[in-house]
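2 protein chains.
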Amino acid sequence: MATGRNHRPANRSRGIPEATVARLPLYLRALTALSERSVPTVSSEELAGAAGVNSAKLRKDFSYLGSYGTRGVGYDVEYLVYQISRELGLTQDWPVVIVGIGNLGAALANYGGFASRGFRVAALIDADSSMTGKQVAGMAVQHVDELEAIIDTNGVSIGVITTPGGAAQQVCDRLVAAGVTSILNFAPTVLTVPDGVDVRKVDLSIELQILAFHEQRKAAEELAAEPAAGLAAPGLPAPEPGAARRGQDPDGDLPVVMPA
Amino acid sequence: MATGRNHRPANRSRGIPEATVARLPLYLRALTALSERSVPTVSSEELAGAAGVNSAKLRKDFSYLGSYGTRGVGYDVEYLVYQISRELGLTQDWPVVIVGIGNLGAALANYGGFASRGFRVAALIDADSSMTGKQVAGMAVQHVDELEAIIDTNGVSIGVITTPGGAAQQVCDRLVAAGVTSILNFAPTVLTVPDGVDVRKVDLSIELQILAFHEQRKAAEELAAEPAAGLAAPGLPAPEPGAARRGQDPDGDLPVVMPA
DNA sequence: CACTGTGAAATAGTTCACAGCC
DNA sequence: GGCTGTGAACTATTTCACAGTG
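From first to last, the protein sequence lines stand for chains A and B.
Quick note, the first sequence lines up with residues 1 to 260 if you use the UniProt record's numbering.
Quick note, the second sequence lines up with residues 1 to 260 if you use the UniProt record's numbering.
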């Protein structure tokens, strides 16, 4: 890293790669499972297996955090759990609000994985007055009129949006104006936010579409490979360019309805 | 691309970058919205804005599909909708099964975004006998004993797992054995699958953890910047290395409970 | 003449492979 | 002897910038 010597403070400076950050929760989960089984140490190989990555990547990732392992031995499970938790900011309490208590909002409110990692659902908020006061996951749903007050009182900096697409930007604006600086968006909408506000998007139908792409590809490859090779031919079957093209639909009227 | 001339079949050969595939659904959604408003053509700049990417990236992405634009004009909305849909395999019908009809499974069953893009929920499956026959999203929940028969009868190749983590691998194995080759996994578990099976993972708590990381970072930067600059100082405040380190928690007992 | 399509440059991320340490 | 930590090589992705074209 530093061009010259490998004097100490090479890493740990600043700027953990985004790809690494995205994997830290994975490692944390695997480590937590080991911790519960009272496993004292783990090698990069073992941990990588449990987290579903390869060991070189894992070691590289950890090298951005510091030198937390012991050569010849591996990593101390408890110590790593602590270090990663701290790096991710999970040693503090994060109050979150969920806006939009439909099916998905309710599912999230009930989701154990939130509460178990320092995230506390501070409020459930919905615009529908008939929802107000209803109990969901043991909490009373509050009306969206209260949004600003709730954010303020609870010091909320993370908001989860599970409204229909049409309401998402509006809700987002209010959250941001009230002081929220991180948003997890489940609505099928591109949110516009000022600089300094983070948005992460989870889109269920996008994930399926990506799967469909690969699924189609697989089907096409099978067709291309079958005439030439047997059933279990390994390696790339080098499909003809254009083999994936399907029978040219009569005319393109496809399902193009926007989800709510 | 081809080293020599730019004779035709440079792109369109095979291998659309994964990153591009992941964005196609985004473009498709933006285009669908334009289509509904009967907008005939769109420039890369406009479409990129609507999809939340920059225009160079969008043009590069489209160049992998082919030359579907018109210089000086832009892209024909309907034509692009069709081409992207075809590329993603959405011109055909994809029956999917959802296994694990808890809160999240029910939310997905009700989610409009699935049905609207060629995905058809063929069955809802749960291991709990007391769920069997219950109506969810207008369908009767079926018992997991029927899993293989359902997959087979409906020609299902995509499965969605919304079970608790402990059941996920087992369900996954059965899905794969029954012929499913693409899995969308919502359970907090790393699934092991044979070659040729695709798994995509959606993990709600991971997304929050990533947000928390950045949130913490922001808080630290603010602290570092405040003594020096005013409230609204733009640009990078060039925080001191190490500034992000927090007050060293007393000792690491953190919330380390695994979600179900 | 506005806007696409794309090489080439820049940046980010992954994997290799091995020196160094316990 | 086993296993980490990390430069260096490689691969993927993004961005630039501009030639080409309807």
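Ideal placement from N, C-alpha and C gives every residue a C-beta, glycine not left out.
No experiment lies behind these values; they were computed from the predicted model shown.
Per-residue contacts from residue i into chain A (C-beta, under 7 Å)
i, result
"residue 89/B", "212, 213, 215, 216"
"residue 52/B", "190"
"residue 37/B", "The contacting residues do not exist; residue 37/B stays about 11 Å from chain A at best."
"residue 21/B", "210, 213"
"residue 184/B", "207, 208, 211"
"residue 174/B", "Here the premise fails: no neighbours, minimum Cβ distance about 18 Å."
"residue 71/B", "By Cβ distance, chain A contributes nothing, its closest Cβ being about 23 Å from residue 71/B, past 7 Å."
Residue i (DSSP reduced to helix, strand or coil)
i, result
"residue 124/A", "strand"
"residue 84/B", "helix"
"residue 55/A", "helix"
"residue 49/A", "helix"
"residue 91/B", "coil"
"residue 102/B", "coil"
"residue 113/B", "helix"
"residue 15/B", "coil"
"residue 108/B", "helix"
The alpha helix (DSSP H) enclosing residue i, as first and last residue numbers
i, result
"residue 95/A", "Segment 94-99 is the beta strand (DSSP E) holding residue 95/A; no alpha helix (DSSP H) there."
"residue 191/A", "Unbroken run through residue 191/A: none, as it is neither H nor E."
"residue 29/A", "18-36"
"residue 67/B", "It is not in any alpha helix (DSSP H) - residue 67/B carries neither H nor E in the DSSP assignment."
"residue 205/A", "204-225"
Limits of the unbroken beta strand (DSSP E) element including residue i
i, result
"residue 75/B", "74-76"
"residue 184/B", "182-185"
"residue 199/A", "198-201"
Sub-8 Å separation of residue i and residue j beta-carbons
i, j, result
"residue 211/A", "residue 158/B", "yes"
"residue 118/B", "residue 90/B", "yes"
"residue 162/B", "residue 108/B", "yes"
"residue 261/A", "residue 56/A", "Because chain A here runs from 1 to 260, residue 261/A falls outside it and cannot be looked at."
"residue 144/B", "residue 127/B", "yes"
"residue 185/A", "residue 95/A", "no"
"residue 141/A", "residue 101/A", "yes"
"residue 25/B", "residue 88/B", "yes"
"residue 41/A", "residue 73/A", "yes"
"residue 182/B", "residue 214/A", "yes"
"residue 34/A", "residue 77/A", "yes"
"residue 147/B", "residue 172/B", "no"
"residue 179/A", "residue 151/A", "yes"
"residue 61/B", "residue 20/B", "yes"
"residue 338/A", "residue 202/B", "What the structure shows of chain A is the stretch from 1 to 260, and residue 338/A is not part of that stretch, so it cannot be assessed."
"residue 47/A", "residue 79/A", "no"
"residue 111/B", "residue 204/A", "yes"
"residue 156/B", "residue 176/B", "no"
"residue 53/B", "residue 23/B", "yes"
Beta-carbon neighbours of residue i, restricted to chain A and to distances below 8 Å
i, result
"residue 200/B", "207, 210, 211"
"residue 111/B", "103, 104, 204, 205, 259"
"residue 25/B", "203, 205, 206, 209, 210"
"residue 225/B", "Per Cβ cutoff of 8 Å: no residues; residue 225/B is ~12 Å from chain A at best."
"residue 55/B", "Here the premise fails: no neighbours, minimum Cβ distance about 14 Å."
Chain B contact residues for residue i, given Cβ-Cβ distances below 7 Å
i, result
"residue 107/A", "103, 104, 107"
"residue 123/A", "None at all; the shortest Cβ gap to chain B is about 16 Å."
"residue 157/A", "215"
Interface residues of chain A facing residue i [CB-CB closer than 9 Å]
i, result
"residue 114/B", "204, 205, 208, 259"
"residue 59/B", "Ordered by position in chain A, no residue passes the 9 Å Cβ test against residue 59/B, which lies about 18 Å from the chain."
Beta-carbon neighbours of residue i, restricted to chain B and to distances below 8 Å
i, result
"residue 181/A", "215, 218"
Residue ranges of each beta strand (DSSP E) within the stretch 115-179 of chain A, 3 or longer:
Counting only runs of 3 or more, we get 119-126, 139-143, 158-161.
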